[in-house]
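Position one of the sequence shown corresponds to residue 1 (this note's numbering), numbered consecutively onward.
For glycine and all other residues, C-beta sits at the position ideal for the given N, C-alpha and C.
Since the structure is predicted, the reported quantities are computational estimates derived from the model, not experimental observations.
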Amino acid sequence: MKAILRTDPGKVRDSNQDAALVLPGMAPLYAVADGMGGHRGGDVASAMAIEGLRELENVAPTEATIRACFSVINERINTRQGEDETLKGMGTTLTMLWETEDSVLLGHVGDSRAYLYRGARLYQVSRDHSLVGELLRTGVISKEAARDYPYRHIITRAVGTDSHLACDTAVMDKQPGDRWLLCSDGLTDGITDEQIEGCVRMADMEEGADTLMRMALEAGGRDNITVLLLEVSA
Numbered sequence: 001m002k003a004i005l006r007t008d009p010g011k012v013r014d015s016n017q018d019a020a021l022v023l024p025g026m027a028p029l030y031a032v033a034d035g036m037g038g039h040r041g042g043d044v045a046s047a048m049a050i051e052g053l054r055e056l057e058n059v060a061p062t063e064a065t066i067r068a069c070f071s072v073i074n075e076r077i078n079t080r081q082g083e084d085e086t087l088k089g090m091g092t093t094l095t096m097l098w099e100t101e102d103s104v105l106l107g108h109v110g111d112s113r114a115y116l117y118r119g120a121r122l123y124q125v126s127r128d129h130s131l132v133g134e135l136l137r138t139g140v141i142s143k144e145a146a147r148d149y150p151y152r153h154i155i156t157r158a159v160g161t162d163s164h165l166a167c168d169t170a171v172m173d174k175q176p177g178d179r180w181l182l183c184s185d186g187l188t189d190g191i192t193d194e195q196i197e198g199c200v201r202m203a204d205m206e207e208g209a210d211t212l213m214r215m216a217l218e219a220g221g222r223d224n225i226t227v228l229l230l231e232v233s234a
């Protein structure tokens, strides 16, 4: 897939704890991680997650392999924070796509997101592992109320925070012209899915990625922002 990557610390944070991966090869791999756990901890956790995924290079893509890899990364981060008091409480989201000749495999933990644009419609493929995500799925709050919910940044599942990890996986067919978006919540907290769709469908992918970043910054840029826009070749 063609890949366009943009990342920015935003207007409030003094560092960027997001990390991303574009790993070419026989089975290309793409990922976004959003670290948490203090100034240093978030940087370390997201970097460890991305480095762990690099070990999948030249490995045949399967859902079982994704789950095993996430489990290893989770154990490493969890162990590292136990060895270093300054890293206590660190963790990270991790959302990845693994491309084969005819399909795309998803691996996901946290509230970063994976979107698919197909047939002139944008679909959120990943599920938010967050308090507000659970409240939305159970109908307790509306989509509109969720944008201003006071505890919207509380995530219910992250890589490295517990000794055991449940990882969401899925396999989807690959169609020419499909566009995928992987992003951290610095993007989705600032702009709506409708605004995201308008950018993802732009003919010029570079312009679309730049516009997504600009809109998120104009909306306040309260968090780190990472945008990884992908397109399946026609």
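Inter-residue distance for G107 and T226 is about 17 angstroms (C-alpha atoms, whole angstroms). For C183, no alpha helix (DSSP H) segment is defined; the enclosing uninterrupted segment is the beta strand (DSSP E) at R179 to C183. Contact annotation: the region 71–81 touches the region 160–169, with at least three C-beta pairs closer than 8 angstroms.
Judged by beta-carbon spacing, V200 lies within the 8 angstroms limit of L181, meaning their Cβ atoms are closer than that value. In the structure shown, M205 falls within a helical segment according to DSSP collapsed to helix, strand and coil. Per DSSP, reduced to three states, the secondary structure at S142 is coil, with no helix or strand assignment. The Cβ neighbour count for E218, taken over all protein chains shown within 10 Å, is under 16; the residue is labelled exposed. Counting the other Cβ atoms within 10 Å of the Cβ of T211 gives 16 or more, which makes it buried.
Note on geometry: alpha-carbon atoms of A120 and A3 lie some 20 angstroms from one another. A direct Cα-Cα distance of roughly 10 angstroms separates S233 from K174.
Counting only residues of its own chain and dropping the five nearest sequence neighbours on each side, G177 has a CB closer than 7 angstroms to the CB of V232 and A234. Membership of S103 in the beta strand (DSSP E) is indicated by the continuous run S103 to V109.
The C-alpha of N58 is placed about 7 angstroms away from the C-alpha of G25. Shown here, M48 sits in a helix according to DSSP, grouped into three states.
Annotation: the continuous beta strand (DSSP E) that includes V171 extends over D168 to D173. Check the Cα spacing between A31 and each of R40, S15, G41 and L56: the tightest is with L56. One Cα belongs to I154, the other to K143, and the distance between them is close to 16 angstroms.
The C-beta of D102 has fewer than 16 other C-beta atoms within 10 Å across all chains shown, which makes the residue exposed. Per DSSP, I73 is one residue of the alpha helix (DSSP H) stretching across E63 to E83.
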